[in-house]
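Written below as structure tokens is the structure these notes are about.
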Amino acid sequence: MNTARKALALVSAALLMGGCATTDSASMAGKSSIKRDVAYIIAVEKAAKEAGVGVVWVNPPMERKDD
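Quick note on numbering: numbering that gives the first Met the number 0 labels position 28 of the sequence shown as 27, and the sequence is numbered without any gaps.
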């Protein structure tokens, strides 16, 4: 029984190490910048003003630009 546990631990460790060794070849994501989506904010605030409603941005909409 003790030998089986050691063998299981050894096999588990070998599988985990093999998984870590293969992640090096993964490519990195390209650069991107995240900024406020000003055009959308302006459009919503304009429509709200025309409707007589106030807008409070808790989480302003963001726009992602990939380089």
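Note that CB positions come from ideal geometry on N, CA and C, so glycine has one too.
Please read these numbers as outputs of a predicted model, since none were measured by experiment.
If I measure Cβ to Cβ from residue i and keep anything under 6 Å in the same chain, skipping five residues before and after, which residues do I get?
i     : result
Glu62 : Lys34, Asp36
Which residues bound the beta strand (DSSP E) around residue i?
i     : result
Lys34 : 31 to 35
Met27 : Met27 -> no beta strand (DSSP E), and no H or E assigned at all.
Going by DSSP, what residues sit across from residue i in a beta bridge?
i     : result
Lys48 : DSSP output for Lys48 lists no bridge partner at all.
Lys64 : Ser32
So, at 8 Å on beta carbons, what are the nonlocal neighbours of residue i in its own chain, with the 5 sequence-adjacent residues on each side left out?
i     : result
Trp56 : Ile40
Given residue i, which residues of its chain have a CB within under 7 Å of its CB, disregarding the five upstream and five downstream residues?
i     : result
Val54 : Val43, Glu44, Ala47
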